[in-house]
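Taken in order, these protein sequences are the chains called Z and U.
According to our numbering, the first sequence is numbered sequentially starting from 21.
According to our numbering, the second sequence is numbered sequentially starting from 130.
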Amino acid sequence: MWTLENLAAGAVCLGLVMYTVFGGADFGGGIWTALASGPRAPEEREGLFNAIGPVWETNHIWLIFVVVTLFTAFPRGFAALFTALLVPLVIALIGINFRGAAFAFRHFGRQTGKHIPFMASIFAVASMLTPFALGMAVTATATGKIDFVNGWVQAEAWFWIGPFTLVGGLVGLAICAYLAPIYMTVRTEGELQNDFRRQGIIAGLVLGILTTVEIPVAMVDAPLFASRLLASKGAPFVAMAVLSGATAMVLLWRCRFLWAQIAAAATVTLTITGFASAMYPDLLIGQLSLAAAAAPAATLSAFFSVLVIGIIILVPSLLFLYWTFRGEPNPELPRLWRD
Amino acid sequence: MDNILSARALMGISLGFHIIYATIGIGLPLMLMIAEGLSLRTGDELYHQLARRWMRPAGVLFAIGAVSGTVLSFELGLLWPRFMAFSGPLIGLPFSMEGFAFFTEAIFLALYIYGEHRLSRRMLFLCTIPLAIAAAASAVLVISSNAWMNTPTGFRLVNGALVDVHPFRALANPAWAHEAVHGTLAAYAATGFAMAGVYAAALLRGHCSDYKKRALTLALAVASMSLPLMLISGDWAAMTVAVQQKPKLAAMEALFTTTSGAPLIIGGWPDPASGKVLYGIRIPKLLSFLAYRNPDALVEGLDAFPHGTIPDPRLVHPFFDLMVASFFIMLVAAVWFWWLRWRRREVPLDKWPLRALLFASPFGLIALESGWLVTEFGRQPWIAHGHMRVAEGMTQQTGIDLILFTFVSVYLALTTVLLKLLLQPASIGDRAETIQGDRHVDS
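Structure, rendered in structure tokens:
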């Protein structure tokens with residue numbers, strides 16, 4: 021159980037969870053920037069941009085962490101994944117490019133005014149492209165449709181498009197759209213807070229419906245995954261995710277925002293962990309096991325020594341970052357603005 | 130375009146694009162640290178304002194660096210999966226370490242940019258220290274994996290399988306030390322000259338202020354201190370390449386035939402068909418001296434290596450000369466400026482020295498990019514020297530030309546918008562009361 025490759029798989033899963041819980045909320049910010057409507061839409065957009073500003077680059081690095089951990093610890097798996105999933109990953113990359121650049125441009129070019137509407141729309145559209153494509157790519161590993169011939173991957177060009185992965189892409193979108201407004205409720209008050217609360221409840225319902233639909237779809241389109249998910253390995257996570265999601269909804273409804281935020285993050289964490297547990301012990305379900313994909317033991321132990329040192333440096337720095345920017349960014353800004 | 134050429138072009142363009150932003154991401158933190166340190170030490174507010182003024186471009190450039198770096202990490206798998214399957218266990222380690230360094234950089238940059246109203250001035254300065262260290266560390270670490278491609282170590286191959294894997298030995302491969310030192314210093318020189326050029330241009334337009342003079346002096350000081358170190362580390366790099374990567378040296382110097390007392394050939398066009406360098410200037414025995422400190426030493430030419438294992442000197446020699454020429458252009462401009470500065474004890478505002486600086490300002494980046502091209506083209510046809518050819522490391526997917534086209538369009542669009550933003554008059558305007566970059570409001 022506690023083999024090096026399982027621990028490394030745990031690191032990949034952790035990176036994926038961190039990227040979704042933190043980076044996903046940033047994408048969700050983009051989605052709601054596009055969907056925001058009503059009298060307070062400008063304030064909603066403003067709030068989202070302000071919240072994302074100081075942290076999006078840091079959040080984004082979790083994705084690099086996932087990629088690097090994959091090719092260090094699972095070089096064969098990485099090669100297979102990136103060969104078979106070329107198209108969705110390219111789409112995700114284009115979205116990442118535009119989102120990052122458009123966000124930075126918007127932020128720094130805002131005082132000129134003229135670029136903002138165009139930039140903001142690219143930012144929003146790109147935000148939808150990336151979680152959808154990544155959701156498809158991740159769920160495609162659970163379809164069992166990637167073929168190996170003589171140890172090399174032989175993918176059909178469009179195998180990654182199917183009912184299961186399409187719903188997977190939508191789940192990716194819904195996760196992002198779910199997290200962002202719920203995180204925003206903690207940072208806002210009054211009417212604006214209520215708007216975000218409403219958005220969070222809507223997205224929560226959508227996410228709940230989509231993940232529920234994904235199970236029967238998986239039975240048809242990804243049968244091995246479905247059977248493992250509903251067996252003893254995956255079922256506890258599914259149950260906990262459902263429980264946590266329902267708790268988050270109740271907390272939102274009753275305006276316990278801080279706790280709702282924690283429950284929402286837990287729901288997403290449990291959803292991803294549940295997916296990963298149903299994949300275990302494979303990297304590509306039924307086709308490539310973690311053990312077969314793993315790097316030599318010397319690499320894995322070197323990787324963990326780096327990981328430990330890295331975490332010792334990173335955790336205090338990250339805590340300092342989030343502690344410094346807790347709550348509303350720059351609450352004192354309006355006063356200084358007049359000076 | 131065929132698949133392999135498309136893949137190489139895409140990787141090359143992505144790297145060439147990323148290198149510009151990564152370079153500034155390494156150089157600028159050092160400048161910030163020095164400026165904030167000077168401000169704290171002397172109590173001079175102008176240095177602090179200087180650093181804050183750099184934040185607006187720094188934020189944009191760093192963000193693009195982060196995004197283009199993500200693109201690269203994906204492209205490693207999308208374009209070169211077979212190479213990564215082979216080398217991942219070995220070069221994954223420096224990438225993992227670089228990831229943490231980059232993480233640290235992003236965190237402290239965010240603290241520095243957005244923390245002005247939440248942190249004390251001392252704390253802001255303290256944030257620039259891990260920022261500068263992490264920036265340099267990420268360069269040094271990522272260069273390790275490039276060096277490994279030149280001098281792969283830390284493993285044995287038995288029937289195509291990796292055995293005896295030593296990731297830390299792979300990290301500390303023979304080419305790492307000189308590449309890392311030379312490459313990181315180059316980032317300081319390139320950033321310093323690029324920034325000095327911006328202020329030289331402003332002074333030339335007659336927008337003279339204390340602020341600009343000081344910014345010019347600071348940027349050029351950092352760049353000028355790197356120049357002699359570049360010369361020393363470049364000489365060290367050449368001597369090491371002469372031992373470790375002989376075909377690369379031969380291609381760099383356009384030496385077709387093995388010669389004792391080999392001349393240094395400056396410029397010219399190497400013609401592989403005739404085995405001659407057309408129109409080059411030859412300085413007798415200088416190559417033997419530079420490479421081995423012996424004017425009569427034997428230097429192996431391209432003919433010393435089996436056919437099909439040598440790089441094309443037409444791609445290597447011109448870039449090598451461009452790199453060296455860029456160095457001298459920067460040297461002349463810097464020496465001129467400092468000479469006048471020393472004579473007059475004041476920043477010279479004469480047209481020609483400033484024009485020289487403006488002219489020299491892109492050559493730091495040009496030198497860095499051409500140095501990178503030398504090391505990449507000089508390694509061909511290998512992706513991991515002696516073990517795997519570029520073609521063997523490639524993806525089996527087809528249609529890479531389509532992806533190439535897509536990304537070129539994306540990069541062109543991003544660069545257009547970036548230039549439009551950075552060149553807007555408002556961003557260069559001299560409004561002392563506002564430093565726009567640190568405000569975090571979308572209006």
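We put the beta carbon where it would ideally sit given N, CA and C, even for glycine.
Residues in the stretch 231 to 248 of chain U having any Cβ partner in chain Z nearer than 8 Å: Phe231, Phe232, Thr233, Ala235, Ile236, Phe237, Leu238, Ala239, Leu240, Ile242, Tyr243, Gly244, His246, Arg247, Leu248
Q.
Between Phe237(U), Ile193(U), Met452(U), Gly335(U), which has its C-alpha nearest Phe340(Z)'s C-alpha?
A. Checked all of Phe237(U), Ile193(U), Met452(U), Gly335(U); the closest Cα to Phe340(Z) is Phe237(U).
Query raised in the report: Shorter than 8 Å from the beta carbon of Ile116(Z) to some beta carbon of chain U?
Result: yes
Margin query: Would you call the stretch 513 to 525 of chain U in contact with the stretch 349 to 365 of chain U, where contact means no fewer than 3 C-beta pairs closer than 8 Å?
Written below: no
message = Could you check whether the Cβ of Gly289(U) sits closer than 8 Å to any Cβ belonging to chain Z?
response = Residue-level contact check: Gly289(U) does not touch chain Z, since none of the beta carbons of chain Z fall below 8 Å from its beta carbon.
*His436(U) burial status per 10 Å Cβ neighbour count (16 or more: buried)*: exposed
Looking only at its chain, what residues have a beta carbon closer than 8 Å to the beta carbon of Gly390(U), apart from the 5 residues adjacent to it on each side?
Listed in chain order, the non-local C-beta contacts of Gly390(U) below 8 Å within the same chain comprise Pro413, Lys414, Ser417, Pro424, Asp425, Ala426, local neighbours out to five positions each way being set aside.
Under 7 Å between beta-carbons, which chain U residues line up against Phe85(Z)? List them in chain order, please. Gly228
inquiry  = If the cut-off is 9 Å on Cβ atoms, which residues from the stretch 24 to 47 of chain Z count as contacting chain U, listed in chain order?
reply    = Those residues of the stretch 24 to 47 of chain Z that come within reach of chain U (Cβ to Cβ, closer than 9 Å) do not exist; the list is empty.
* Asked: Helix or strand or just coil, what does DSSP make of Asp530(U)?
  -> Of the three classes helix, strand and coil, the one that applies to Asp530(U) here is helix, per DSSP.
>> So Asn279(U) and His514(U) are supposed to be a Cβ contact under 8 Å. How far apart are they, rounded?
In response: 6 Å
* **Nearest-angstrom Cα separation, counted from Ala268(U) out to Tyr421(U)** => 29 Å
Next on the checklist: Measuring only the C-alpha atoms, how far is Ala496(U) from Leu250(Z)?
Outcome noted: Taking the straight line joining both Cα atoms gives about 59 Å.
At 7 Å on the CB atoms, spell out the chain Z contacts of Met213(U), in chain order.
-> By Cβ distance, chain Z contributes Phe91, Pro95, Phe98, Ala99.
- What three-state label does DSSP hand Lys165(Z) in the structure shown? coil
Against Gln526(U), what residues of chain Z qualify as contacts under a CB-to-CB distance less than 7 Å, listed in chain order? Thr103, Leu106
Decide if Ala31(Z) is buried, meaning its Cβ has at least 16 other Cβ atoms within 10 Å, or exposed. By the neighbour-count rule (16 or more Cβ atoms within 10 Å), Ala31(Z) is buried.
Item checked: Interface positions of the stretch 197 to 208 of chain U facing chain Z (Cβ-Cβ less than 9 Å), listed along the chain -> Ser197, Gly198, Thr199, Val200, Ser202, Phe203, Glu204, Leu205, Gly206, Leu207, Leu208
* Asked: Counting only runs that start and end within the stretch 493 to 524 of chain U, where is the beta strand (DSSP E) found for 3 or more residues in a row?
  -> 511 to 513
Buried or exposed by the 16-neighbour rule on C-beta atoms within 10 Å, applied to Gly182(Z):
buried
Partner residues on chain U for Pro316(Z), Cβ-Cβ distance less than 7 Å: Pro218, Leu291, Val294
- Query: Taking Cβ-Cβ distances shorter than 7 Å, what residues in chain U pair up with Ile51(Z)?
  - Reply: Those do not exist, as Ile51(Z) stays about 17 Å from chain U at its closest Cβ, beyond 7 Å.
Out of curiosity, what's the CA-to-CA distance linking Gly48(Z) and Ala187(U)? 26 Å
Go to Val327(U), then tell me how far its alpha helix (DSSP H) extends in each direction, as first and last residue.
305 to 333
- Quick one: what's got a C-beta closer than 6 Å to Ser147(Z)'s C-beta in the same chain, skipping five residues either side? Phe47, Gly50, Ile51, Arg119
Mapping DSSP to helix, strand and coil, what is Thr280(U)?
-> coil
- Message: Just to confirm my understanding: we take Lys375(U), look at its own chain, exclude 5 residues before and 5 after, and list those with CB closer than 6 Å. What are they?
- Response: Glu429
Run the CB neighbour count on Ser274(U), radius 10 Å, all protein chains shown included, and call it buried at 16 or more, exposed below.
Under this definition Ser274(U) is a buried residue.
Margin query: Nearest by alpha-carbon distance to Asn214(Z): which of Gly224(Z), Ala223(Z), Pro201(Z), Val226(Z) is it?
Written below: Pro201(Z)
Exercise. Between Leu487(U) and Ile395(U), what straight-line distance do the alpha-carbon atoms span, to the nearest angstrom?
Worked result: 25 Å
Q. With respect to the beta strand (DSSP E) encompassing Pro399(U), which residues constitute its N-terminal and C-terminal limits?
A. 398 to 400
Q. Name the DSSP bridge partner or partners of Phe212(Z)?
A. Going by the sequence as given, residue 212(Z) is Leu instead of Phe. According to DSSP, Leu212(Z) bridges with nothing at all.
**Prompt:** Skipping 5 residues on each side, what residues in its chain have a beta carbon closer than 8 Å to that of Trp22(Z)?
**Reply:** There are no such residues.
- Item | Ala329(U), buried or exposed, once every other Cβ within 10 Å from all chains shown has been counted against 16 | buried
Beta carbon of Ser490(U), beta carbon of Gly326(U): below 8 Å? yes
For Arg470(U), the first and last residue of its enclosing beta strand (DSSP E)
That residue, Arg470(U), is in no beta strand (DSSP E); its alpha helix (DSSP H) goes 442 to 473.
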